[in-house]
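Following: one structure in C-alpha cells, then a few remarks.
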Ligand SMILES: NC(=O)c1ccc[n+]([C@@H]2O[C@H](COP(=O)([O-])OP(=O)(O)OC[C@H]3O[C@@H](n4cnc5c(N)ncnc54)[C@H](OP(=O)(O)O)[C@@H]3O)[C@@H](O)[C@H]2O)c1
C-alpha cells in the first residue's frame, strides 16, 4: 500500500513510520517539504503523489504557545484538514487523522464517549476540534482517532522529560489534579498497523473513535509509575529523587487544561475487535524499549 505520512518526524509519526514501513511503501515528507500552512502545496503534493492512504500525524502541539500563536494553530490543526480531505476525495484516498482529549472541558467524571459534547478550554483544543469538523465536512472517508497524553521512546514527551529529571533533581513537583490516560505511541502504532494491513476507512465505518490506553491517572500518578519503571529497568543513575503532588494552581500555564479527560475506548475496541493495554503495562513496555535500545558510540 502507498501511504503518505504527514508529521513523520513527530513522536507519533516516528512510531507509525517504524511499524508501517514493514509492510507498506511510506512516504513521509518533512514539514519544510510539505508545510500544512501552504494549502496549494499540500493539494498539489497529494494529487500528484496519489497515495491510497493519507495518515496525518502532523499538528501544532505546543499547547501553551498556541494561546498567542493563534493563526498558525488554526491553520495547521484546523484549516489544513479541509485541504487534506478535499485532495483525498479527488484521488479516492482515505484518511487517518488524530485529534485530542483536549476538545473536552473536563467537567465529566466518567470516560467521555464519542458522542459527548465538546467544549475546548484552550486554543489548541478549539483548533483541533475545527480540524475534525473540516475533515468530516470535506466528504473524505476518514477515521479520526482522538488520542490522549501521548508519550513514546522518542520525541518530546512527559516520560522522556521525567527520565531526564530523575537523574538531574532530588525533588520534582507534579500536578495531581488533572486526570487522563497516558497512551504509548508504540502501542498505538502496533494496533493501527495490524488494523490497516487488513482494512482501510470505508464510508460505512468512517468517523470519530477514541483511541487511548485503558485506565486513568493524574500526571503525578503517571510520574510515579515512570519512576517505578525506571528503577525496575535500571535507568536511575544518581541518588534518590522524590515526587511531590501539587495543584494546577501551583503550576500556572498559559493554556487551561481539562481536569478530567479520560476517553472511553468501547467503540474502538468493539469495531476493531482489539483490547487496548492498561496504561501502566504500556508504559513499562516503552521504558523497557528505552532501557534496551543500543546506545550511540
Ligand atoms: N502529544 C500529546 O500528548 C497529544 C495528545 C493528544 C493528541 N495529540 C495529537 O496526536 C497527534 C500526534 O502528536 P505528536 O505528539 O506526535 O506531535 P509532535 O511530536 O509535536 O509532532 C508534530 C509533527 O507535526 C509536524 N508539523 C508541525 N507543524 C507543521 C506544519 N506547519 N506543516 C507540516 N508539518 C508540521 C512536525 O514537524 P517538524 O518536526 O518538522 O516541526 C512533527 O512532525 C497530533 O494530531 C496531536 O494533536 C497529541
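In the numbering used here, the protein residues as written are 1476 to 1772.
Cβ coordinates follow ideal geometry from the N, Cα and C atoms, glycine included.
- Cβ-Cβ distances below 6 Å link residue 1751 to 1688, 1689, 1740 in the same chain, with the five nearest sequence neighbours on each side left out; the list follows chain order.
- Annotation: the segment 1686-1772 contains the following complete segments of the beta strand (DSSP E) (minimum length 3 residues), in chain order: 1717-1721.
- Using a cutoff of 6 Å, the CB of residue 1622 counts as near ligand 1, since one of the ligand's heavy atoms is closer than that.
- Residue 1685 has its alpha-carbon roughly 6 Å from the corresponding atom of residue 1743.
- Around the C-beta of residue 1732, 16 or more other C-beta atoms lie within 10 Å, and the residue is accordingly described as buried.
- Beta-bridge partners of residue 1478 (DSSP): 1501, 1528.
- Excluding the 5 residues flanking it on each side, residue 1606 has same chain C-beta neighbours closer than 6 Å at 1552, 1553, 1556, in chain order.
- Residue 1562 and residue 1706 have their C-alpha atoms some 48 Å from each other.
- Considering only 1502, 1542, 1479, 1647, the residue with the shortest C-alpha distance to residue 1571 is 1479.
- It is roughly 31 Å from the alpha-carbon of residue 1659 to the alpha-carbon of residue 1514.
- Within the segment 1550-1635, complete beta strand (DSSP E) segments of at least 3 residues are found at 1569-1575, 1616-1622, given in chain order.
- In the DSSP annotation of this structure, the continuous segment of the alpha helix (DSSP H) that includes residue 1665 starts and ends at 1660-1673.
- Around the beta carbon of residue 1614, a 10 Å sphere encloses fewer than 16 other beta carbons of the protein chains shown; the residue is thus reported as exposed.
- A distance of 7 Å or more separates the beta carbons of residue 1647 and residue 1728.
- Between the segment 1588-1601 and the segment 1508-1525 there are fewer than three C-beta pairs closer than 8 Å, too few to call the two in contact.
- Secondary structure note for residue 1649: its beta strand (DSSP E) is the uninterrupted segment 1646-1650.
- For residue 1486, the uninterrupted alpha helix (DSSP H) segment begins and ends at 1486-1495.
- When the five nearest sequence neighbours on each side are left out, the beta carbons in the same chain lying within less than 6 Å of the beta carbon of residue 1691 are those of 1654, 1656, 1737, in order along the chain.
- Taking 6 Å as the cut-off, the C-beta of residue 1532 counts as close to a heavy atom of ligand 1.
- In this structure the segment 1631-1650 touches the segment 1751-1769; the number of beta carbon pairs closer than 8 Å is three or more.
- Between residue 1532 and residue 1581, the gap from beta carbon to beta carbon reaches 7 Å or more.
- For the options 1708, 1664, 1730, the alpha carbon positioned closest to that of residue 1492 is the one of 1664.
- Residue 1560 is positioned such that its CB atom lies closer than 7 Å to that of residue 1610.
- With a cutoff of 6 Å, residue 1536 counts as near ligand 1, since its C-beta is closer than that to a heavy atom of the ligand.
- Less than 7 Å divides the Cβ of residue 1528 from the Cβ of residue 1675.
- A distance of 7 Å or more separates the beta carbons of residue 1599 and residue 1547.
- Residues of the same chain with a CB within less than 6 Å of the CB of residue 1670, apart from the 5 flanking positions on each side, are 1747 in chain order.
- Only residues of its own chain outside the window of five on either side were considered, and among them 1683, 1684, 1685, 1742 have a CB closer than 7 Å to the CB of residue 1589, listed in chain order.
- DSSP links residue 1654 through a beta bridge to 1693, 1735.
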